[in-house]
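Chains as they are written, first to last, in our numbering: chain X, 1 to 378; chain D, 379 to 664.
Glycine included, C-beta positions come from ideal geometry on N, C-alpha and C.
Computed from a prediction, not measured in an experiment: that's the story for all the values here.
Reading through the structure tokens given below for one structure.
What follows is the structure in structure tokens.
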């Protein structure tokens with residue numbers, strides 16, 4: 001078991017494209033860590049560079065106290081589960097799981113016993129003699145995990161571990177994965193483009209864009225206090241409403257209407273400053289009567305989300321989405337008022353950075369989440 | 379009224395044309411079929427005929443041809459020679475071919491495709507007639523004339539480029555994550571080749587193995603020129619020596635030997651197909 005530290009890590013491809021661009025990240029021992037971002041953001045490149053499958057161009061990688069930057073993948077004591085699982089089709093489940101031990105020259109009896117033990121723990125008991133092609137997707141994934149577990153690594157790397165499973169199975173596998181990680185307590189890094197998956201599984205999330213770190217924090221932090229507009233719009237199953245406006249005294253003017261200044265921004269803005277106001281659809285509420293400090297608009301689209309409704313309200317030239325209770329279903333074309341809580345809304349400056357005390361601090365802030373998330377919970 | 383008079387005539391015209399077309403098609407297919415079947419029929423029937431001719435006829439059944447063939451010691455030993463040459467070449471091209479194609483598939487070198495294509499084009503020269511004199515001189519210098527090894531090397535060199543070309547395609551199509559997975563657990567390149575790549579490319583290797591054996595088995599020119607002593611000659615060369623005292627080809631012996639000569643290749647095809655299968659198998663979830 002070990003922590004992982006990268007120091008100004010750069011991976012440059014021939015042609016000058018930077019997959020990873022000057023990254024400083026510390027992944028704590030025993031942590032379940034997510035690398036999140038849209039496709040092409042460099043998250044998989046970072047994972048592969050940590051694994052040693054890609055050679056870094058600049059910077060250093062440490063696993064525990066050991067500098068592994070120049071080490072072969074096989075010497076790093078890591079295990080990786082690939083997106084396609086990469087189970088050897090010509091070997092049985094048993095042989096697949098025991099393969100890492102075979103390379104480590106562990107005797108046949110010992111390694112088969114270990115394979116059986118790990119398989120049992122991962123609910124693969126009756127399948128030892130089968131070939132990968134004879135297994136379901138979920139079983140194949142568990143075999144891939146079992147092979148990783150059997151090799152006794154100090155770090156697990158998972159590349160899009162759930163993306164090849166169908167939706168229903170994915171939830172099941174997610175819970176399974178989280179429990180497995182808690183039981184083993186091995187430092188685990190996984191790559192995903194699905195923000196819901198990252199929020200559900202990870203202890204901490206690193207959000208990347210174009211090879212650069214955007215924010216690093218606990219799921220609660222990145223959800224409630226995104227560092228910039230990119231993170232704000234990327235996190236959350238319905239993206240945060242981001243609306244241009246300007247500061248006017250203790251309120252923000254949006255399409256000529258005033259909403260209260262978000263609490264976190266109080267004292268950090270100047271009058272007349274151009275800003276982006278951010279409010280999550282979940283944190284906004286809808287009324288059919290006029291209220292002070294509410295945005296007046298017209299209902300244009302209503303989408304059913306099952307237990308809730310997603311209502312799009314036209315306010316001036318902006319479209320603001322609000323999530324309401326399933327019983328509240330405003331008629332299309334009616335006039336409604338959107339109320340926001342100053343405590344739940346955010347303000348971003350013209351560069352897209354969040355305006356708040358200490359919010360401009362470097363995104364690669366490695367201090368644990370406790371302090372900051374306590375504030376937001378208050 | 380008019381249309382009803384014309385129509386049946388037109389219809390019958392169409393029917394006649396269809397009928398003639400059918401006859402034409404059938405005749406054509408029968409001709410093509412005969413073209414391929416008659417030699418095979420001859421091969422199966424002539425060996426059991428007391429007086430075989432260059433024609434397909436109901437044989438006067440006898441097994442005497444085989445008795446004569448197997449009492450001629452050179453026939454059997456030549457089959458043994460053929461086996462040695464074919465298997466030797468097969469092993470040579472499988473080992474060198476898989477190593478070369480694996481590295482060519484995984485290592486990017488400039489001009490790789492051009493190299494492969496030019497090798498493929500030039501390779502036909504080595505075992506071809508045009509290069510026989512230089513090849514002969516080269517083998518004389520290397521003191522590999524009248525040596526089984528010499529024949530294996532020349533045959534191997536001749537078919538290796540095609541082998542590499544085909545195998546590289548197989549190697550290209552095996553997903554890299556298999557190897558990366560093995561690499562992460564500490565496997566070295568040769569180990570990965572043996573544990574992962576070779577088993578995955580097995581259908582390709584089986585195809586190549588059969589193809590290499592067939593190439594050598596049926597080759598007459600190279601062993602005919604490079605081997606001097608009759609005791610080393612393979613079956614394809616020995617068959618050339620079956621003449622009657624009158625200088626006529628001994629059809630009884632030639633036909634019997636042809637049948638014996640073709641059986642191992644057919645048997646091998648069925649064995650390899652059953653054991654390894656010329657097919658792909660999955661294991662990647664995509």
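- With contact defined as three or more Cβ pairs closer than 8 Å, the segment 144-160 of chain X and the segment 66-80 of chain X are in contact.
- Taking 7 Å as the upper bound on Cβ-Cβ separation, chain X lies near no residue of the segment 605-633 of chain D.
- Contact holds between the segment 447-461 of chain D and the segment 604-623 of chain D, because three or more Cβ pairs, one in each stretch, are under 8 Å apart.
- The beta-bridge partner set that DSSP reports for residue 309(X) consists of 304(X), 324(X).
- In the displayed model, residue 40(X) falls within coil according to three-state DSSP, outside both helix and strand.
- Contact annotation, residue 198(X) with residue 36(X): C-beta distance approximately 4 Å; criterion of less than 8 Å satisfied.
- For residue 111(X), the enclosing alpha helix (DSSP H) begins and ends at 108-121.
- In the structure shown, residue 651(D) falls within a helical segment according to DSSP collapsed to helix, strand and coil.
- A direct Cα-Cα distance of roughly 21 Å separates residue 632(D) from residue 591(D).
- In this structure, DSSP gives residue 630(D) a helical state, which the three-state scheme calls helix.
- Residues of chain X with a Cβ closer than 7 Å to the Cβ of residue 561(D) are, in chain order, 73, 74.
- In chain order, 74, 103 make up the part of chain X whose C-beta sits under 8 Å from the C-beta of residue 565(D).
- Residue pairing from DSSP places residue 156(X) in a beta bridge opposite 79(X), 188(X).
- Judged by pairs of C-beta atoms under 8 Å, the segment 561-576 of chain D does not touch the segment 585-600 of chain D, as fewer than three such pairs exist.
- Taking C-beta atoms as the reference points, residue 10(X) and residue 57(X) count as a pair closer than 8 Å.
- Counting along the chain, the unbroken alpha helix (DSSP H) around residue 550(D) starts and ends at 526-551.
- Rounded to whole angstroms, the separation of the alpha carbons of residue 551(D) and residue 421(D) is 40 Å.
- Within 9 Å of the CB of residue 578(D), the CB atoms of chain X belong to 88, 89, 90, in sequence order along the chain.
- If you look at residue 329(X), you'll find it isn't in any beta strand (DSSP E); DSSP assigns it neither H nor E.
- Comparing alpha carbon positions, the residue from 528(D), 472(D), 399(D) closest to residue 543(D) is 472(D).
- The DSSP-derived three-state label of residue 6(X) is strand.
- With contacts defined by Cβ atoms closer than 8 Å, residue 119(X) and residue 128(X) form a contacting pair.
- Note on geometry: alpha-carbon atoms of residue 555(D) and residue 84(X) lie some 8 Å from one another.
- Under the Cβ criterion of 8 Å, residue 556(D) is counted among the residues facing chain X.
- Bridge pairing for residue 241(X): 279(X) [DSSP].
- Taking the CA atoms as reference points, residue 627(D) sits about 16 Å from residue 637(D).
- A direct Cα-Cα distance of roughly 9 Å separates residue 95(X) from residue 88(X).
- Between the alpha carbons of residue 499(D) and residue 538(D) lies a distance of about 12 Å.
- Per DSSP, the unbroken alpha helix (DSSP H) holding residue 231(X) starts and ends at 229-234.
- The secondary-structure analysis by DSSP pairs residue 206(X) across a beta bridge with 35(X), 216(X).
- Comparing C-alpha distances from residue 319(X) to each of 336(X), 305(X), 352(X), 304(X) shows the shortest one belongs to 336(X).
- In summary, the residues of the segment 124-138 of chain X whose CB is separated from some CB of chain D by less than 9 Å are 131, 132, 133, 137, in the order they occur in the chain.
- Taking one beta carbon from each stretch, the segment 64-72 of chain X and the segment 141-152 of chain X have fewer than 3 pairs nearer than 8 Å; the two do not touch.
- In the DSSP assignment, residue 519(D) falls within the alpha helix (DSSP H) that extends over 510-519.
- 426(D) is the residue among 454(D), 426(D), 434(D), 582(D) whose C-alpha sits nearest the C-alpha of residue 442(D).
- Residue environment for residue 414(D): exposed (fewer than 16 other C-beta atoms within 10 angstroms of its C-beta).
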